[in-house]
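Below you'll find the structure, written out as structure tokens, and then a few comments.
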Amino acid sequence: MCGIIGYVGEHQAVPVILDGLRRLEYRGYDSAGMAVMASDRIQILRAAGKLANLEELAFDQPLRGSVGVGHTRWATHGAPTEANAHPQVDASGHVAVVHNGILENYSQLRQEFRESGVALSSDTDTELIAQLLGRESGTLEERVLEVFPRLVGQFAVVAVTRDEPDTVVAFRQGPPLVVGLGDDENIVASDVVALLHRTKRVIYLENGDIAVVHRDSVRITDLNGQVDRMVETLDWDPGRMDKSGYRHYMLKEIHEQPDAIRNTVRAYLSSDRTTVNLDGLGFDPERLAEVKRVHLVACGTSWHACLVGKFLLEHLTALPTEVDYGSEYRYREPLVGEDVLVVGVTQSGETADTLAAMELAKEQGALLGTICNVRGSSSWRLAEVSMLTQAGPEIGVASTKAFTTQLVALMLLALALRRSRGLADDLDRELIHQLQRLPLAVEQALEGEEQIYDHATELLSEATDSLYLGRGCLYPIALEGALKLKEISYLHAEGYPAGEMKHGPIALLTDGFPVVAVAPATPTREKLIGNLMEVRARGATVIAVAEKHAQDVSQVADLILPIPEVHHLLQPIVAVVPLQLLAYRVAVELGLDVDQPRNLAKSVTVE
Ligand code: M6R
Numbered sequence: 001m002c003g004i005i006g007y008v009g010e011h012q013a014v015p016v017i018l019d020g021l022r023r024l025e026y027r028g029y030d031s032a033g034m035a036v037m038a039s040d041r042i043q044i045l046r047a048a049g050k051l052a053n054l055e056e057l058a059f060d061q062p063l064r065g066s067v068g069v070g071h072t073r074w075a076t077h078g079a080p081t082e083a084n085a086h087p088q089v090d091a092s093g094h095v096a097v098v099h100n101g102i103l104e105n106y107s108q109l110r111q112e113f114r115e116s117g118v119a120l121s122s123d124t125d126t127e128l129i130a131q132l133l134g135r136e137s138g139t140l141e142e143r144v145l146e147v148f149p150r151l152v153g154q155f156a157v158v159a160v161t162r163d164e165p166d167t168v169v170a171f172r173q174g175p176p177l178v179v180g181l182g183d184d185e186n187i188v189a190s191d192v193v194a195l196l197h198r199t200k201r202v203i204y205l206e207n208g209d210i211a212v213v214h215r216d217s218v219r220i221t222d223l224n225g226q227v228d229r230m231v232e233t234l235d236w237d238p239g240r241m242d243k244s245g246y247r248h249y250m251l252k253e254i255h256e257q258p259d260a261i262r263n264t265v266r267a268y269l270s271s272d273r274t275t276v277n278l279d280g281l282g283f284d285p286e287r288l289a290e291v292k293r294v295h296l297v298a299c300g301t302s303w304h305a306c307l308v309g310k311f312l313l314e315h316l317t318a319l320p321t322e323v324d325y326g327s328e329y330r331y332r333e334p335l336v337g338e339d340v341l342v343v344g345v346t347q348s349g350e351t352a353d354t355l356a357a358m359e360l361a362k363e364q365g366a367l368l369g370t371i372c373n374v375r376g377s378s379s380w381r382l383a384e385v386s387m388l389t390q391a392g393p394e395i396g397v398a399s400t401k402a403f404t405t406q407l408v409a410l411m412l413l414a415l416a417l418r419r420s421r422g423l424a425d426d427l428d429r430e431l432i433h434q435l436q437r438l439p440l441a442v443e444q445a446l447e448g449e450e451q452i453y454d455h456a457t458e459l460l461s462e463a464t465d466s467l468y469l470g471r472g473c474l475y476p477i478a479l480e481g482a483l484k485l486k487e488i489s490y491l492h493a494e495g496y497p498a499g500e501m502k503h504g505p506i507a508l509l510t511d512g513f514p515v516v517a518v519a520p521a522t523p524t525r526e527k528l529i530g531n532l533m534e535v536r537a538r539g540a541t542v543i544a545v546a547e548k549h550a551q552d553v554s555q556v557a558d559l560i561l562p563i564p565e566v567h568h569l570l571q572p573i574v575a576v577v578p579l580q581l582l583a584y585r586v587a588v589e590l591g592l593d594v595d596q597p598r599n600l601a602k603s604v605t606v607e
């Protein structure tokens, strides 16, 4: 959460910073600001609300200078006001900082400044970093070396001082920071998306790193002295980061799913495409053979993918599999040891709770893997074995193509584990064959009839609540459908296992209450239909996701959002598509900000 950027180079800083912030805005959009160095002072602009407000301000009050920092905020400490926007400055106006993260010793530091008579001008923890740096003497690097050990919590900080107008210093403990090495310019940012269009050569900073950045040099140290960090060359195409004619990123990303799935499947099949091949990931076969249990840890939509993953892993490998929220796992003292494969599933690879759960598993000796969408991200670097989903950059806050590619990756992992245990048989051949046909099935699922979607959109957008039902490996899809609707349309929706409905939620049902049933052909469809009978008997309206001509479903459904039939273990990947489209349409119908829903941020880098 929060996007930060720092620029030192031959160009004017403002356009580079604003462009970077636009690309980082998915990380937070409560307020924005920037600081640009003049020869004798730090010029600051800040605005509450979206980046557009800062852009307007920058148009009215142009700042000149070729060194600066910028920030787009997701509020933690203090309301999203101008006073709490970043950059924050120390009392003497010498140092300005932008920050992503949370200081856990916030109260203690605040008290300390109050007692020493420093008047704080914001409610933020960030101002405390600026004040601490301002209180030290020496170069900015020397000040950072003094202050770093005093900060407790997670922080990625980019700082400038008027004493060194040609320098930017960045340091991190927790949230990500990457340095882009450009042509006569260097850029620091929270995410490569902010700098990819300027350079593909990057250095990912590690926890504890301090980068001293000039126009023509980058030097990295930690508290013990200079460190060497690898320069990596990114292979992402910056063109994949625009909307390509779609009205919203979310819609574009929904439609990118056939390609994303195709690329993910291809990346992990043998050259003759008959077996899953994870050899390139560096699994130690002996270590793998020792695995007796699997733990999947994640948050949000990625957690839903794990619920499907449990179903796949237990069904295909007979390995007992547990699924945990990252935020619960880290505090519940899980029974984890060397015979457990722990996989952190995360689109961004930067979700603080998932990373903390993974760190705990690593400390306890587990074999640690990750399924993530960002090469070089924190989870990628933390895990022993990293499996990359090939979804490409996902910008819309509501996760879509990352989810379906996570499901593909989990299926591939299950098939690989099955093979390594000598369990592979005809089912594997059938699933591998169907995996390769999956992009086509998803394309068909994207082609729902306008009229039916219009009707379903109307039913949901006119209701204040809805219930999403599914069974077996489609129950997590009900959860995911409900989450998609909630997060972008702000309508309450609850996902529930259909068989459990009679133990409580059935009380909600009244005439016309919308119930969305995830009802493609699976071994438990008959049971689900029985549950839908109970729904209909209470006058509720049923919108079902199923094959167009499924007779049994049409008897209990008012509307069918059509999908093609695939193997039931792959059905979650196809069945979620109409639910993504439906949530998108409802949010558009309600005139809401689909790509940047209120209160949310794409990558949640705080606990
Ligand atoms: O980057 P991650 O997959 O770790 O993110 C986890 C969740 O924050 C994320 O899935 C969130 O729930 C999305 N907004 C859902 O659409």
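With my numbering as the guide, the letters of the sequence shown map in order to residues 1 to 607.
Using N, Cα and C, we set each Cβ at its ideal position, and we do this for glycine too.
Residue i classed as buried or exposed, judged by whether at least 16 other C-beta atoms fall within 10 angstroms
| i | result |
| --- | --- |
| E350 | buried |
| P176 | buried |
| E333 | exposed |
| N224 | exposed |
| K292 | exposed |
| K252 | buried |
| A79 | exposed |
| V231 | exposed |
| A318 | exposed |
| A537 | exposed |
| S271 | exposed |
| G174 | buried |
| P149 | exposed |
| Y584 | buried |
Host alpha helix (DSSP H) of residue i (start-end)
| i | result |
| --- | --- |
| S378 | 378 to 382 |
| A575 | 571 to 589 |
| E494 | Taken as a continuous stretch (DSSP letters only), E494 belongs to no alpha helix (DSSP H), being part of the beta strand (DSSP E) at 492 to 497. |
| P80 | Taken as a continuous stretch (DSSP letters only), P80 belongs to no alpha helix (DSSP H), as it is neither H nor E. |
| M411 | 401 to 420 |
| P476 | 475 to 489 |
| C306 | 300 to 317 |
| I371 | Counting along the chain, I371 falls outside any alpha helix (DSSP H), though it belongs to the beta strand (DSSP E) covering 367 to 372. |
| D465 | Note, D465: premise wrong, no alpha helix (DSSP H); beta strand (DSSP E) at 465 to 470. |
| I395 | Counting along the chain, I395 falls outside any alpha helix (DSSP H), and DSSP gives it neither H nor E. |
| A361 | 352 to 363 |
| L532 | 525 to 537 |
| L427 | 426 to 445 |
| V385 | Careful: V385 lies outside any alpha helix (DSSP H), inside the beta strand (DSSP E) at 385 to 388. |
Nearest residue (CA-CA) to residue i, options the options
| i | options | result |
| --- | --- | --- |
| T199 | L205, A211, V178 | V178 |
| E384 | E363, A402, P393, K401 | E363 |
| A517 | S420, A537, V556, I488 | V556 |
| G591 | A498, R538, L491 | L491 |
| G512 | Q43, L479, M34, L467 | L467 |
| R610 | H248, M358, E286, Q390 | Residue numbering for the chain in the displayed model covers 1 to 607; residue 610 lies beyond these limits and cannot be assessed. |
| D339 | G70, T346, L368 | L368 |
| E480 | E430, A357, Q88, A398 | A398 |
| E141 | R150, F155, E164, F59 | E164 |
| G6 | I254, F171, C299 | F171 |
| R215 | V169, L440, A35 | V169 |
| L460 | G101, P514, L435, L446 | P514 |
| F311 | C473, I563, R585 | C473 |
| R471 | V118, S489, A498 | A498 |
| H86 | L278, S66, S121 | S121 |
| I560 | E500, G448, E526 | G448 |
| E206 | L469, V227, A13, V193 | V227 |
8 Å contact criterion, which residue i and residue j should meet: CB distance rounded
| i | j | result |
| --- | --- | --- |
| P520 | A456 | Not a contact, Cβ separation roughly 16 Å. |
| L288 | A414 | About 13 Å separates the two Cβ atoms, so there is no contact after all. |
| L532 | V542 | 6 Å |
| S386 | T346 | In fact, because the Cβ distance is near 11 Å, the residues do not count as touching under 8 Å. |
| A478 | Y496 | 7 Å |
| Q257 | V566 | About 14 Å separates the two Cβ atoms, so there is no contact after all. |
| L109 | L128 | 4 Å |
| I563 | E547 | 7 Å |
Host beta strand (DSSP E) of residue i (start-end)
| i | result |
| --- | --- |
| T72 | 67 to 73 |
| N100 | 95 to 103 |
| D324 | 321 to 325 |
| V545 | 541 to 546 |
Whole runs of the alpha helix (DSSP H) within the region 17 to 64, excluding any shorter than 4 residues: 51 to 60
Within the region 178 to 223, ranges of the beta strand (DSSP E) (whole runs, at least 3 residues): 178 to 181, 185 to 189, 201 to 204, 210 to 213, 218 to 222
Within the region 105 to 192, ranges of the alpha helix (DSSP H) (whole runs, at least 4 residues): 106 to 115, 126 to 135, 140 to 147
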